[in-house]
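Student:
Protein chains: 2
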Amino acid sequence: MMSMMVTMKVVGLGAVALTVSLELLSWLLSHLRSRRTLNQVLFFPSETACVEHIFTPTSPRFCSCSLPHGVETSFSRLLRHILSASTSLDLCVFSFSNMVLSRAVLLLHSKGVTIRVLTDKDYSAISGSQIGVLREAGGISSCFSVLSTCLSSFTTGRICVRCDKSSTHMHHKFAVVDSRLLITGSLNWTLTAVQNNMENILITEEPDLVKPFIKEFHRMWGLNDPAQNHQNQKLISHGMC
Amino acid sequence: MMSMMVTMKVVGLGAVALTVSLELLSWLLSHLRSRRTLNQVLFFPSETACVEHIFTPTSPRFCSCSLPHGVETSFSRLLRHILSASTSLDLCVFSFSNMVLSRAVLLLHSKGVTIRVLTDKDYSAISGSQIGVLREAGGISSCFSVLSTCLSSFTTGRICVRCDKSSTHMHHKFAVVDSRLLITGSLNWTLTAVQNNMENILITEEPDLVKPFIKEFHRMWGLNDPAQNHQNQKLISHGMC
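Heads up: the sequence lines are chains A and B, in that order. Counting from 1, position 102 in the first sequence corresponds to residue 123 in the numbering used here; the numbering is continuous, with no gaps. Counting from 1, position 211 in the second sequence corresponds to residue 232 in the numbering used here; the numbering is continuous, with no gaps.
#1: Tell me, please, whether the CB atom of A/T40 is closer than 8 Å to any CB atom in chain B?
#2: For the region 167–251 of chain B, list the alpha helix (DSSP H) runs that are entirely contained and at least 4 residues long, ordered along the chain.
#3: Could you check how far apart the C-beta atoms of B/L155 and B/V198 are, in whole angstroms? I think they sit under 8 Å.
#4: According to DSSP, what are the bridge partners of B/S109?
#5: Does the distance from the C-beta atom of A/L208 to that of A/I224 stay below 8 Å?
#6: Would you decide whether A/L88 is buried or exposed? Buried here means 16 or more other CB atoms lie within 10 Å of its CB.
#7: Answer yes or no: do A/L203 and A/V231 have a C-beta to C-beta separation smaller than 8 Å?
#8: What does the alpha-carbon distance come out to for the pair B/S107 and A/R57?
#9: In chain A, which residues lie less than 7 Å from B/G33 when you measure between Cβ atoms?
#10: Looking at the strands, I want to know which residues DSSP matches up with B/V114.
#11: Under 7 Å from any heavy atom of the ligand HEM, does the C-beta of B/V41 make it?
#12: Counting only C-beta atoms, is B/P233 closer than 8 Å to chain A at any point?
#13: With three or more C-beta pairs closer than 8 Å as the rule, is the region 60–70 of chain A touching the region 63–74 of chain B?
#14: State yes or no: is the C-beta of A/R201 within less than 8 Å of the C-beta of A/I136?
#15: May I ask you to report which of helix, strand or coil DSSP gives B/L59?
#16: When the Cα of B/G149 is compared with those of B/V121, B/L99, B/N245 and B/V32, which residue comes out closest?
#17: Could you tell me whether the Cβ of A/P247 comes closer than 8 Å to any Cβ of chain B?
#18: For A/E93, count neighbouring Cβ atoms within 10 angstroms of its own Cβ and tell me buried if that reaches 16, exposed if not.
#19: Helix or strand or just coil, what does DSSP make of B/F264?
#20: What residues in the region 88–120 of chain B have a beta carbon less than 8 Å from any beta carbon of chain A?
#21: List, in order along the chain, the chain B residues whose C-beta lies closer than 7 Å to that of A/D185?
#22: Along chain A, in chain order, which residues have C-beta atoms closer than 7 Å to that of B/V62?
#23: What does A/K194 reach in chain B if we use C-beta pairs closer than 8 Å?
#24: Which residues in the same chain as A/Q249 place their Cβ atom closer than 7 Å to its Cβ, once the five residues preceding and following it in sequence are excluded?
#25: Going by DSSP in three states, B/S162 sits in which element: helix, strand or coil?
#26: Find the residues of chain B that neighbour A/A36, judging by a C-beta separation of less than 9 Å, and give them in chain order.
#27: Taking all protein chains shown into account, decide if A/G159 is buried (16 or more other Cβ within 10 angstroms of its Cβ) or exposed.
#28: Is the beta carbon of B/L139 sitting closer than 8 Å to the one on B/N60?
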């Protein structure tokens, strides 16, 4: 009788221990899972600070510029997220004239990251637009010579630029990093937006939010395929888009 | 001996059943929790369709307009989210000229929902802006007579409008419904943005995304308090903002 009671106690305690352990494991896993899903909001105007160390993190050069150093800002955080791309950057932006953001895209390109840029055709031609710089880095002629691969689909380590062909505004301001991270908001990729305006940027890895943007980018990219659009081809060949 | 084995089996089975039940309950709760967190993306331009039934859902009137009826669109979904407000709507928008969205805000106001609108001072004065309509509905004079409550803090069931006093653009386009639901994106509250442009709206209840916007709205609302800003008071008293 005594032995049975001891056994029951042992089994009971074992069951309780097992339940508690499983509960703890479940909580830990769900906690880690929710921790892993990045959700961040950045507000602008951003403080102005030197970002040289973000471009050269492994071999930081001494920077003698007059801007504050070692300050983390909304802009530096945005830059870090963009530069976290290791395979692809899909950028869909109304206006792109910010030279530091352009430098970030060119740096990714030099590392073999595949860049696709979809922009508004009117704003791509305004003074200071970086669209021409990106297109030049991607190589207009080489882009044309591999029309079936680069312009119709996707080639690794390239910058391919397409202009929205509709008569209305392509007013999006979003980027998708490595088909994983969404960067979206009110902020155009201009100096005024970063340094002067009141703007927001939302950064998330939440699949329910990222996936629709990937799908929409894919749809618009296909819609604005120059191979399907003679007017766009003409604009590109004249260096206007 | 036989009795002890039976008891052990019963206790063992009980422990397993308890563990499995707790695991199931935990999974169910976490599943329901993740299901409850709304994350939705809407793309524009929206199809054009009649939205009369959204304004009068309990007593739908026969609508003889020429637009398609019974069609769910990005715009109708956006309207439903705005009209889901039961206590408050904090709106921070660069340009607001869409009359249907204005009607939605006025409907919420008539139901006692407290509305705060923060907008760009330049765009609030352009032709077709709904800011004057909202301010009128809120009551300029009554707003002034209770300056300490309405303009400095918050009064229930009112529309209070403030204009960003800075010389740069207040370029946000977001709304917070009941301090719970965030509506944000590239879309200004204009007819062109809804019907013509390529735009996005992201709708989320994710606290990590909603809370920063609530905090930023609170900060900007305080910064643009007319009680602290004589220039804004002058603009309001002249009906310009």
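Here a beta-carbon is modelled for each residue, glycine too, at the ideal position from N, C-alpha and C. Note that the coordinates shown come from a computational prediction; the quantities given were computed from them, not determined experimentally.
Tutor: The relevant details are as follows:
#1: To locate residue 40 of chain A, count along the first sequence from 1; it is residue 19. It does: the Cβ of A/T40 has a partner Cβ on chain B nearer than 8 Å.
#2: 212–216 and 228–244
#3: Residue numbering aside, residue 155 of chain B sits at position 134 when the second sequence is read from its first letter. Residue numbering aside, residue 198 of chain B sits at position 177 when the second sequence is read from its first letter. Actually they are not in contact, since the Cβ atoms of B/L155 and B/V198 sit about 16 Å apart, beyond 8 Å.
#4: Within the second sequence, residue 109 of chain B is the residue found at index 88, counting from 1. DSSP lists B/T135 as the bridge partner or partners of B/S109.
#5: Against the first sequence, residue 208 of chain A aligns to sequence position 187. Against the first sequence, residue 224 of chain A aligns to sequence position 203. No, the pair does not count as a contact, with Cβ atoms beyond the cut-off.
#6: Against the first sequence, residue 88 of chain A aligns to sequence position 67. Burial call: exposed.
#7: Here residue 203 of chain A refers to the residue found at position 182 when the first sequence is read from its first residue. Here residue 231 of chain A refers to the residue found at position 210 when the first sequence is read from its first residue. Result yes, Cβ atoms of A/L203 and A/V231 sit closer than 8 Å.
#8: Indexing the second sequence from 1 puts residue 107 of chain B at position 86. Indexing the first sequence from 1 puts residue 57 of chain A at position 36. Near 33 Å, if we compare the C-alpha coordinates of A/R57 and B/S107.
#9: As a position in the second sequence, residue 33 of chain B is number 12, starting the count at 1. By Cβ distance, chain A contributes V32.
#10: For the purposes of this step, residue 114 of chain B is identified with residue 93 of the second sequence, where counting begins at 1. For B/V114, which the question treats as bridged, DSSP gives the partners B/T140 and B/K194.
#11: Among the components of this structure there are no ligands whatsoever, and the ligand HEM is therefore not found.
#12: Your numbering for residue 233 of chain B matches position 212 in the second sequence. Judged by the 8 Å Cβ criterion, B/P233 is in contact with chain A.
#13: no
#14: Reading the first sequence from its first residue, position 180 is the one you call residue 201 of chain A. Reading the first sequence from its first residue, position 115 is the one you call residue 136 of chain A. For A/R201 and A/I136, no; Cβs fall outside 8 Å.
#15: Walking along the second sequence from the start, residue 59 of chain B turns up at place 38. For B/L59, the secondary structure class from DSSP, reduced to helix, strand or coil, is coil.
#16: For the purposes of this step, residue 149 of chain B is taken as the residue at position 128 of the second sequence. Nearest C-alpha to B/G149: B/V121.
#17: As a working note, residue 247 of chain A is residue 226 in the first sequence. Answer no: the Cβ-Cβ gap between A/P247 and chain B never drops below 8 Å.
#18: Your numbering for residue 93 of chain A matches position 72 in the first sequence. The residue is exposed, with fewer than 16 neighbouring Cβ atoms inside 10 Å.
#19: The requested residue 264 of chain B is not part of the displayed model; chain B covers only 22 to 262.
#20: So the list reads F115, given in the order they occur along the chain.
#21: Locating residue 185 of chain A in the first sequence gives position 164, counting from the first residue. Neighbours of A/D185 on chain B, chain order: M219.
#22: Numbered from 1 along the second sequence, position 41 holds the residue referred to as residue 62 of chain B. Those within 7 Å of B/V62 in chain A are L230, P233 and F234.
#23: Translated into positions along the first sequence, residue 194 of chain A becomes position 173. Near A/K194 (Cβ distances below 8 Å), the residues of chain B are S207.
#24: Here residue 249 of chain A refers to the residue found at position 228 of the first sequence. Shown here for A/Q249: not one same chain residue has a beta carbon closer than 7 Å to its own, the five before and five after excluded.
#25: Position 141 of the second sequence holds residue 162 of chain B. Per-residue confidence for B/S162 stands at a pLDDT of 40, beneath the threshold of 50, marking its modelled position as unreliable; no derived number is given.
#26: By one-based count along the first sequence, residue 36 of chain A stands at place 15. Within 9 Å Cβ-Cβ: V32, G33, G35, A36, V37, L39 and T40.
#27: For the purposes of this step, residue 159 of chain A is taken as residue 138 along the first sequence, with counting starting at 1. It counts as buried.
#28: Residue mapping note: residue 139 of chain B aligns to position 118 of the second sequence, counting from 1. Residue mapping note: residue 60 of chain B aligns to position 39 of the second sequence, counting from 1. No, the pair does not count as a contact, with Cβ atoms beyond the cut-off.
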